[in-house]
Structures are given as structure tokens and as C-alpha cells.
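Using the working numbering, the first residue of the sequence shown is number 599, and each one after it goes up by one.
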Amino acid sequence: MNRYINENDKKMDELLQKYIAGNASEKESQRIMEWLREDEQHLREYKRQRKLYDITLWQTKSPVDIQQEKKDPLRRVLDVIVRIAAVIVFTVATTYFYTHHVLQDKEENMQTVVVPAGQHAELYLADGTHVWLNSGSRLTFPGRFSKKVRHVELDGEGYFKVSSNIKQPFIVGTNRCNIRVLGTEFNVLAYEKDSIWETALLEGAVEILQKKSEVSLMKLKPGDMARLSKNQLTKEKIHTTDYFRWKEGLICFNDISLRDIMEKLKLYYDVNFVINNQQILDAHYTGKFRTHDGIEHVIRVLALNNKFTYIKDNESNTITIN
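Structure follows, in C-alpha cells:
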């Protein structure tokens, strides 16, 4: 039995292990969050158990994994890189949790969460708002929100379940527009490097605001999606829930051109493309990939379907399409 959980509270110990393994429900995860806020020692116990869990994962390999590593040394190297990335993300997350939840008496202590390429992240803000962040995204937020407004800044893609508070509206600031809500569930696609800007609403209501003047540009109802392209803001209906499945670690393409697919892959995997075969770019594709399968798996499947060849330069992280 660990030192910081009451001897009679075996259920909490089991719940903590379930949470660390990634098998806890949303309600159970919320209970763990509350438990971590109760005592600084709880956070230390969480970090201790998480470290043991990570070490166990690192050292445990199936016979199939061992055989595959013998056949493919590159996979062994990539596995180590992925684990290092996971440790970095975990360190950022635990540091964030400590400063955000334990030291939140410090006013306006700004936090920034950055998601590595090929990964996605999940976190709760001080007001209880639940946030998912896609690959290559950056979210900046205060350790404690002001009494008048809850303001965060997003560069990338995020899915928000905002806690309702009429007196304290929630604002997502992006490079092109701001989004104001009172309590709702919505997705924002706003990578600074991307020409496409989108907001899709599932529940509640949101208002699209001009970046500097705060002038209202558009209001959305559930099922609506706003798209800003070439300074033109349009509204359309959400046609498929695949749009949000990146939260589950899935990349979904629904009858979109290879040109647009390449643009998305650039953002998700921080990779460069050199296209020597321009004829393939207008071909359309529908399919799903798991983010952790990696960029080469995605390109390999696309190459088979669209009859092109490719070369990957690992030093420059560039893929040349022929």
C-alpha cells in the first residue's frame, strides 16, 4: 500500500492505477483530479506511481516485438524516441498540474502546453473546462482566470467542453478570429501556419468575433461549422463526426484531395513535402489512420492507392513524392 492514500481506501489506490493506465472514465478522471488538488503529497504519489508504470512499459516487450526489433533496427530507435517524447510530455503535464492546481493562488500565472508532432493531449483548466489538443498545437492560459472573462490563446486544433458561466464568458483567441462562448462544446482548427480556419459547434452557442475590434461576425448553432478561407467567412453543416475523431488518435480523410491531405500531414507530423508528381494532387481519398502509426505508414498506404513513389530524408525530415 502506498504512503499517501489511506490504508482503508483501496478503491482510490485502484482508481489511481486505472487512471495511470489510461482506462479511467471521465467521471473517474475527474475524481482523480479532485484527489490531486487535496494534498501536494497526492501529486507526489501520482508521479511516483506513474514513473513506475512508465518504467514497466519500457521494459516489457512481447516476443513479437523482440523479433520485429531484430528485423528492423530503425523501429527500435523510433520506439526509444517515442518514449523520450512521452516522458517529455509527461514532465510538462505534471509540472503544469502542480503549478496550475497546487500553486493556483498566484494570480495570472501563465501556462503553455505544446503538443509534439504525432501526439495529442488532454487537460482540464482551472474552471473545469475540458480541453483536447491535436498534434503540433499550443495552448496558452492563465493559472487562474479573471473574474470577468476566461481567455485562452490557441495555435493549432483544440476541442473544448466549456463549463457554463454566464457572468464569465469563455474566449478562445486565435491568429485570425476570436470565439466567444458561455458554455458549450466545440472544435477549433486554427494553425497559424495553415490557410484554413474552422470552428465547428456540437452543443450550445458560439459567436465568431473579429480579432481586434471584437465585432461580431457570425453566430453558430449546434451542427454548424464556420470556415474562414481567403478572408471569406462561410457557414455550413457538419456532415460527419469523423471531423472530431482526432481526439481518439485517428486521422480521418473524407473524399478530400491529396493536396489537402499533404497540408494536414505537414501540420500533424511537422514534415516537409517536395512534390515532383503534380498530377496526383487532385486525386481524392477517403480513409482513416491512427496517429501513432506514423507518417511513413500513411504515405505508404497513399502511395499504393495513388500509384506514386516516395523517398524520405530523415535528416531534413522531408518526403519527396515522385
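Positions of the beta carbon are idealized from the N, C-alpha and C atoms, including for glycine.
Check this for me: beta carbons of V786 and G802, under 8 Å apart or not?
Contact flag unset, no.
DSSP beta-bridge partners for R970?
This structure cannot speak to residue 970, because the chain is shown only from 599 to 920.
Just grab the DSSP bridge partners of A719 for me.
For A719, which the question treats as bridged, DSSP gives the partners L731.
Would you identify the three-state DSSP class for A901, choosing helix, strand or coil?
A901: helix per DSSP, three-state reduction.
In whole angstroms, what is the alpha-carbon distance linking L902 and D858?
Going from the Cα of L902 to the Cα of D858 covers about 18 Å.
Report yes if the C-beta distance between L807 and F784 is below 8 Å; otherwise report no.
Result no, Cβ atoms of L807 and F784 do not sit closer than 8 Å.
Measuring CB to CB, does V872 end up less than 8 Å from T907?
Not closer than 8 Å, so no.
Is R825 closer than 8 Å to E796 when the C-beta atoms are compared?
Contact: yes.
Determine, using beta carbons only, whether Y644 and S733 come nearer to each other than 8 Å.
No, Cβ-Cβ distance for Y644 and S733 is not below 8 Å.
With a CB to CB cut of under 8 Å and the five nearest residues on each side skipped, what residues in its chain are close to M708?
Once the five neighbours on either side are set aside, the close Cβ partners of M708 are T738, F739, P740, G741.
Once the 5 residues before and after V712 are set aside, which same chain residues still bring their CB inside 6 Å of it?
Cβ neighbours of V712 beyond the five flanking positions: R736.
Output needed for A622: all residues of its chain with C-beta closer than 6 Å, excluding positions within five of it in sequence on either side, in chain order.
Counting only Cβ-Cβ distances below 6 Å, and skipping sequence neighbours, we find K616.
May I ask which residues mark the beginning and end of the beta strand (DSSP E) holding L595?
Summary: the structure shown does not reach residue 595, with the chain confined to residues 599 through 920, and so no result is reported for it.
Does Y883 get closer than 8 Å to chain B when you measure Cβ to Cβ?
In the displayed structure, chain B is absent; only one protein chain is listed.
Which class does T839 belong to by DSSP, given the choice of helix, strand or coil?
It is helical.
Which of helix, strand or coil does DSSP assign to L787?
Of the three classes helix, strand and coil, the one that applies to L787 here is strand, per DSSP.
Shortest alpha-carbon distance to N852 belongs to which of T839, R635, N870, K864?
The residue with the shortest Cα to Cα distance from N852 is T839.
Among T782, N776, S793, which has the Cα closest to the Cα of L815?
Ranking the options by Cα distance to L815, first place goes to N776.
Within 10 angstroms of its Cβ, does K625 collect 16 or more other Cβ (buried), or is it exposed?
It counts as exposed.
Can you tell me the Cα-Cα spacing of N763 and G781, whole angstroms?
C-alpha separation (whole angstroms): 6 Å.
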